[in-house]
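Notes follow the structure.
Residue numbers (this note's numbering): 8 to 173.
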């Protein structure tokens, strides 16, 4: 029974051959506005991420944002390729089984789905979660999704930490 459990784990861990059915979208940022202080979630994963990888996070089922890991260095922080500074506690993150959970529900040992811009979907283990009060900005994006017969335009709103690293 234990060997089967590990086999299932490694099958999930190696889901890089699987692809998320991503719909090509054209985004236009239509508004950025400071909104005040709020609690945001920072995830430290037990996996290292490369450029282009992060977590899918959002406030609406119709559209999630790829939130990039901190794998790129800047003048403000060193590279932390295991970290994703996601969004406020109310936002969703994608977890195995085609489900989502609230960011505030994450804890050490829980699995999340990493993703890259090509739609690869390996799983990752959460090592630590920090919730800290930070200044927030509201970002409004107009998203145009091309379909075979027409284009659909959605307005998506997402709160981000107002930070130099975002």
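Beta carbons are placed, not taken as given, at the ideal position from N, Cα and C, and that holds for glycine. Computed from a predicted structure; not experimentally measured.
Legend entry - Proximity of residue 198 and residue 60 at Cβ, strictly below 7 Å: This structure does not reach residue 198, given that the chain is present from 8 up to 173, and the question cannot be answered.
Inset, instruction - Look at the alpha carbon of residue 117 and the alpha carbon of residue 105, and state the distance between them as a whole number of angstroms. - result: 15 Å
Inset, instruction - Give the secondary structure of residue 50 by DSSP, where H, G and I count as helix, E and B as strand, and everything else as coil. - result: Here residue 50 sits in strand by DSSP.
Inset, instruction - Please name the residue, chosen from 34, 163, 167 and 168, that lies closest to residue 69 on a Cα-to-Cα basis. - result: 163
Legend entry - Length of the line joining the Cα atoms of residue 8 and residue 44: Note that residue 8 scores 45 on pLDDT, short of 50, meaning its location in the model is unreliable and no value can be drawn from it.
Inset, instruction - Any chance you could list the beta strand (DSSP E) runs of at least 3 consecutive residues sitting entirely within the stretch 47-98, in chain order? - result: 60-67, 70-75 and 90-95
Legend entry - Three-way DSSP call (helix, strand, coil) for residue 143 in this model: In the three-state DSSP reduction, residue 143 falls in the strand class (E or B).
Legend entry - Coarse secondary structure for residue 110, derived from DSSP in three states: helix
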